[in-house]
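Numbering (this note's numbering), first residue to last: 1062 to 1493.
Here is the structure we will look at, set down as structure tokens.
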Ligand code: DLL
């Protein structure tokens, strides 16, 4: 099932032609309306009217999150505020937040693109969609809400939190699709189990999860616990929010909405495009955004293109699940490690609860990394010998998968904080 088959199944040649036309229009627009881009283009001698092929995009400058912060709040808007009907902002935990705006047309486009993602993941107008993303400056709640309404589904705008109530509503309103972060889905699944509710009594069929990295192992666990089909969807506020890319029912990579976003994958150090299929940093240029266009925005997210055709029939390029952000990468004893790699190992080991946290501290010159893992009650209160055995097993699995040894600490069930939104997997005590 497609939402906009003429776009999703467009031939490569037609897609590239459409992208080029839209890119030309976007470049002229930002040059005319955003002093930041005009200055940058002038410095580099770029004439937007002289943009002839998609390859020329490599001559354009990158845009960084810092550029957005420096223009706080409205410096990069390409339309007057009177044409802006919605404002969102990213959380700004690592500095000043970034503010983004949408015209009425942008909201229409956004709803359509989220409608594509929902449709690809199996949701139709017959579904009851429970949106457990926060409704706030965060784009998750409103973004998915408008998309779900667009396809005509019955939308429950419950927002995040209050897990017992989420579950009651899920039962009473016969929710068929759950929308939230994967870590919150996991928490909901655990709570359902603890409450002694049989998942067969629920009407849930689909789960659409995104906004944070998660592993294939975690998907399997959520699918098993909730008896649903779980798909991944990706986006970021600077570019639009959810709706940038999403998985189809094949669950093997996320289709990028390429008629609205031009995606490149570059080596994060040299900034040169990587060979097709190689992993690098995703860079996005918006092709239709009116209020807040971005040119070659460096997402910091690491992924790769999957150039093989998808059996679902969509012709849009797929990207692999995002393994993490370059700024979340841990360097442990000189080896690059992403929290999602640690997660994949933990989910695979019998006896561990799939809740973990990575604590980094500095004792002396070296960083000291401890993986805290929750274990089931039976193991935690079991004899020392068994605990030690499990700890050894986790250590050796991590060592063989990651190539480095890390400390492991087993902790009692429910000691680590549960997430209702984006999970905090890494606690960096060095920065405190
Ligand atoms: O998280 C938008 C969103 C909402 C996407 C709901 C999907 C569903 P931000 O708060 O600006 O926007 O955070 C964007 O979150 O750069 C990634 O690092 C991460 N992220 C988003 N989706 C995924 C995903 C929303 N599916 C940042 N897998 C991005 C891995 C993701 N990371």
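Glycine included, C-beta positions come from ideal geometry on N, C-alpha and C.
Keep in mind it's a predicted model, so treat the numbers as computed, not measured.
Strictly by DSSP, which residues pair up with residue i?
i            : result
residue 1398 : 1391
residue 1225 : The partner list for residue 1225 (beta bridge, DSSP) is empty, contrary to what the question assumes.
residue 1366 : 1380
residue 1288 : In the DSSP output, where bridge partners are listed per residue, residue 1288 has none listed.
residue 1334 : 1327
residue 1149 : 1161
Tell me which residues share the same chain as residue i and place their Cβ nearer than 7 Å to its Cβ, disregarding the 5 neighbours each side in the sequence.
i            : result
residue 1129 : 1137, 1159 and 1299
residue 1361 : 1342, 1386, 1387 and 1388
residue 1121 : 1107, 1356 and 1357
Classify residue i: buried if its beta carbon has 16 or more other beta carbons within 10 angstroms, exposed otherwise.
i            : result
residue 1322 : buried
residue 1178 : buried
residue 1226 : exposed
residue 1172 : buried
residue 1315 : buried
residue 1261 : exposed
residue 1259 : exposed
residue 1366 : buried
residue 1142 : exposed
residue 1222 : exposed
residue 1438 : exposed
residue 1244 : buried
residue 1102 : buried
In terms of residues, what are the limits of the beta strand (DSSP E) holding residue i?
i            : result
residue 1322 : 1322–1327
residue 1433 : 1427–1436
residue 1270 : 1267–1271
residue 1314 : It is not in any beta strand (DSSP E) - residue 1314 carries neither H nor E in the DSSP assignment.
If you follow the alpha helix (DSSP H) that residue i is in, where does it begin and where does it stop?
i            : result
residue 1127 : 1126–1131
residue 1078 : 1073–1094
residue 1462 : 1445–1463
residue 1421 : Taken as a continuous stretch (DSSP letters only), residue 1421 belongs to no alpha helix (DSSP H), being part of the beta strand (DSSP E) at 1413–1424.
residue 1355 : Note, residue 1355: premise wrong, no alpha helix (DSSP H); not H, not E.
residue 1251 : 1243–1255
residue 1346 : From DSSP, residue 1346 is part of no alpha helix (DSSP H) but of the beta strand (DSSP E) over 1341–1347.
If you compare alpha carbons, which of the options is closest to residue i?
i            : options                   : result
residue 1250 : 1272, 1279 and 1273       : 1279
residue 1192 : 1145, 1219 and 1311       : 1219
residue 1413 : 1374, 1456 and 1376       : 1456
residue 1198 : 1398, 1464, 1161 and 1247 : 1161
residue 1067 : 1126, 1374 and 1382       : 1374
residue 1063 : 1429, 1460 and 1307       : 1307
residue 1077 : 1099, 1110 and 1319       : 1319
residue 1346 : 1291, 1117, 1336 and 1071 : 1117
residue 1119 : 1344, 1458, 1473 and 1065 : 1344
residue 1470 : 1106, 1151, 1450 and 1359 : 1450
residue 1405 : 1340, 1277 and 1284       : 1277
Which same chain residues end up closer than 6 Å to residue i when comparing Cβ atoms and leaving out the 5 residues on each side of it in sequence?
i            : result
residue 1085 : 1112
residue 1296 : 1302, 1303, 1304 and 1305
residue 1465 : 1393, 1394 and 1396
residue 1468 : 1431
residue 1208 : 1172, 1175, 1176 and 1179
Can a CB atom of chain D be found closer than 7 Å to the CB of residue i?
i            : result
residue 1086 : Annotation note: the requested chain D is absent from the structure, which comprises a single protein chain.
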